[in-house]
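A.B. asks:
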Amino acid sequence: MSEETSLVVALPAGGGGAGMFAQLRKALPAGTGLVVPDLPGRGRRTRAPRELTVPGLAAELAAELEPRIAGRPYAVFATCFSTIVGLELVWQLLERGLPPTRALLVSGRQPPDVAPAFEALDKLSDEEVLDGMRRFWPPELDWESMPAALHAILLRQTRRDNELGLKYVHEPRGPLPVPVIAYQGTDDPGVTVPELSDWGAHTSVSFTLRLVPGGHYFYMTHTDRLAGELGALLADRAQDDRVS
């Protein structure tokens, strides 16, 4: 195993966990590690208090991650629901005096100042919630062949994430002093290019919009471009183009 010289912090879509980034982990260059912090309802946060807020969670994650990212380049990739966590996390890391992330990479959702409110899933049946997830699931990964136990885990975690999202109130801090890169899966039914472009207002450095093959979960099935760009960012070889 090669020594870890750089790090990707990956924050999953609603209901997800580390398994969603298994292909990305494999595709990253040697020496680039990947960490997926536990969100409420998973791992060490299985019993996280219901009172926990997104800013409170981000503060916990920043303290957790500090020893691992100190002294090495890192990037933050957040998708869909977790874009609100990623945005807060980057601010928390800066406020702790840590070096800035090489970039905040986002996908699947507009920035919180313009995004629609999260739908209250407590008003939906389990079947309705699972049907909503199935709509976005990659066709290459057969949803129907998944064990019922895995569906149950995704359902439980999705409802927990939804509680966090419903309580979140975005407090503007101005643009981040780091680059922001937004990824649009060309088959993603959940967000449009103009909507993702609104992330450009959240950086004072540079904004890049990437169109990539795949859907909402493109990083599970079409990982090469994302992995390559992360490797370039962390090796300080990022291309200077802004839209491609």
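Residues in the sequence shown are numbered from 1192 upward in steps of one, following the numbering used here. Just so it is clear, CB atoms sit at the ideal spot from N, CA and C, and this is done for glycine as well.
Let me know the secondary structure DSSP gives R1351 once reduced to three states.
C.D. replies: Here the question's residue 1351 lines up with position 160 in the sequence shown. Correct three-state label for R1351: helix.
A.B. asks: Less than 8 Å between the CB atoms is what I'm expecting for H1407 and D1379, so what's the real figure, rounded?
C.D. replies: Along the sequence shown, one-based indexing puts residue 1407 at 216. Along the sequence shown, one-based indexing puts residue 1379 at 188. Indeed, because the Cβ distance is near 5 Å, the residues count as touching under 8 Å.
A.B. asks: If we define contact as Cβ-Cβ less than 8 Å, is A1213 a contact residue for chain D?
C.D. replies: As a matter of chain content, chain D is missing from the structure shown, which is built from one protein chain.
A.B. asks: Based on DSSP bridge pairs, tell me the residues matched to Q1283.
C.D. replies: Counting from one through the sequence shown, the residue named residue 1283 turns up at place 92. Q1283 is not bridged to any residue.
A.B. asks: Is the distance from the Cβ of V1199 to the Cβ of L1230 below 8 Å?
C.D. replies: Taking the sequence shown and counting its residues from 1, one reaches residue 1199 at position 8. Taking the sequence shown and counting its residues from 1, one reaches residue 1230 at position 39. No. Outside cutoff.
A.B. asks: Buried or exposed: which applies to P1258, given that a residue is buried once 16 or more other Cβ atoms fall within 10 Å of its Cβ?
C.D. replies: For the purposes of this step, residue 1258 is taken as the residue at position 67 of the sequence shown. Exposed, since its Cβ has fewer than 16 Cβ neighbours within 10 Å.
A.B. asks: Apply the 10 Å Cβ neighbour rule to D1431 and answer buried if 16 or more other Cβ atoms are within range, or exposed otherwise.
C.D. replies: Counted from its first residue, the sequence shown places residue 1431 at position 240. Caution is warranted here: a pLDDT of 39 is assigned to D1431, below 50, making its placement in the model unreliable, and the coordinate value is therefore given only provisionally. That one is exposed.
A.B. asks: Is the distance from the Cβ of D1304 to the Cβ of H1342 below 8 Å?
C.D. replies: Counted from its first residue, the sequence shown places residue 1304 at position 113. Counted from its first residue, the sequence shown places residue 1342 at position 151. It is not a contact, given that the beta carbons lie outside the stated cut-off.
A.B. asks: Using the DSSP secondary-structure output, state which residues sit across from L1202 in a beta bridge.
C.D. replies: Counted from its first residue, the sequence shown places residue 1202 at position 11. Beta-bridge pairing links L1202 to A1269.
A.B. asks: From the DSSP output, read off the bridge partner residues of A1373.
C.D. replies: Along the sequence shown, one-based indexing puts residue 1373 at 182. According to DSSP, A1373 bridges with V1297 and L1400.
A.B. asks: Take V1320 and list the residues in its own chain whose beta-carbon comes closer than 8 Å to its own, dropping the five residues that flank it on each side.
C.D. replies: On the sequence shown, residue 1320 is found 129 positions in, with the first residue counted as 1. Same-chain partners within the cutoff: L1312, L1346, T1349 and R1350.
A.B. asks: Relative to the C-alpha of P1290, which residue among A1250, R1263 and A1204 is closest?
C.D. replies: Here residue 1290 refers to the residue found at position 99 when the sequence shown is read from its first residue. With distances taken between Cα atoms, P1290 lies closest to R1263.
A.B. asks: Mark G1210 as exposed unless 16 or more other C-beta atoms lie within 10 angstroms of its C-beta, in which case mark it buried.
C.D. replies: The residue you call residue 1210 lines up with position 19 of the sequence shown. Classification for G1210: exposed.
A.B. asks: Please check the pair Y1374 and S1298, which I expect to be a contact at CB under 8 Å, by giving their CB distance rounded to whole angstroms.
C.D. replies: On the sequence shown, position 183 is the one that residue 1374 refers to. On the sequence shown, position 107 is the one that residue 1298 refers to. Their Cβ separation, rounded to whole angstroms, is 4 Å, which keeps Y1374 and S1298 in contact under 8 Å.
A.B. asks: At the level of alpha carbons, what is the spacing between A1239 and T1196?
C.D. replies: Your numbering for residue 1239 matches position 48 in the sequence shown. Your numbering for residue 1196 matches position 5 in the sequence shown. Between A1239 and T1196, the C-alpha separation is close to 31 Å.
A.B. asks: Would P1368 and V1396 qualify as a contact pair, given that the criterion is a beta-carbon distance under 8 Å?
C.D. replies: In the sequence shown, the residue the question calls residue 1368 occupies position 177. In the sequence shown, the residue the question calls residue 1396 occupies position 205. Contact flag set, yes.
A.B. asks: In the DSSP output, which residue or residues are listed as bridge partners for S1197?
C.D. replies: Numbered from 1 along the sequence shown, position 6 holds the residue referred to as residue 1197. In the DSSP output, where bridge partners are listed per residue, S1197 has T1223.
A.B. asks: Report yes if the CB atom of T1270 is closer than 8 Å to the CB atom of A1204, and no otherwise.
C.D. replies: As a first step, residue 1270 is located in the sequence shown; it is residue number 79 there, counting from the start. As a first step, residue 1204 is located in the sequence shown; it is residue number 13 there, counting from the start. Closer than 8 Å, so yes.
A.B. asks: In its own chain, which residues sit with a C-beta less than 7 Å from the C-beta of D1352, not counting the 5 before and 5 after it?
C.D. replies: As a position in the sequence shown, residue 1352 is number 161, starting the count at 1. So the list reads G1205, G1206, L1230 and F1272, once near-sequence residues are dropped.
A.B. asks: Got a sec? Which residues, its chain only, sit under 7 Å from T1394 by beta carbon, not counting five neighbours each side?
C.D. replies: On the sequence shown, position 203 is the one that residue 1394 refers to. Here the set comprises P1366, L1367, V1369, P1370 and V1371.
A.B. asks: Near P1228, what residues of its chain come up, given a Cβ to Cβ distance below 6 Å and the 5 sequence neighbours on each side ignored?
C.D. replies: The residue given as residue 1228 occupies position 37 in the sequence shown. Here the set comprises L1252.
A.B. asks: Taking the CB atoms as reference points, tell me whether A1340 and A1294 lie closer together than 8 Å.
C.D. replies: Mapped onto the sequence shown, residue 1340 falls at position 149. Mapped onto the sequence shown, residue 1294 falls at position 103. Contact flag unset, no.
A.B. asks: Kindly list the residues whose CB is nearer than 7 Å to the CB of L1424, restricted to its own chain and excluding five residues on each side of it in sequence; keep chain order.
C.D. replies: Sequence index remark: in the sequence shown, residue 1424 carries index 233 (1-based). A1266, R1293 and A1294, listed in sequence order.
A.B. asks: Might you give, ordered along the chain, the residues of its own chain that have their beta carbon closer than 6 Å to the beta carbon of K1217, omitting 5 neighbours on each side?
C.D. replies: The sequence position of residue 1217 within the sequence shown is 26, counting from 1. Excluding sequence neighbours, K1217 sits near nothing in its chain.
A.B. asks: How close, in whole Å, do the beta carbons of T1223 and G1422 come, if the pair is a contact with beta carbons under 8 Å?
C.D. replies: As a working note, residue 1223 is residue 32 in the sequence shown. As a working note, residue 1422 is residue 231 in the sequence shown. Confirmed, about 6 Å.
A.B. asks: Alpha carbon to alpha carbon, what distance is there between E1242 and P1404?
C.D. replies: On the sequence shown, residue 1404 is found 213 positions in, with the first residue counted as 1. On the sequence shown, residue 1242 is found 51 positions in, with the first residue counted as 1. In a straight line, the C-alpha of P1404 is about 38 Å away from that of E1242.
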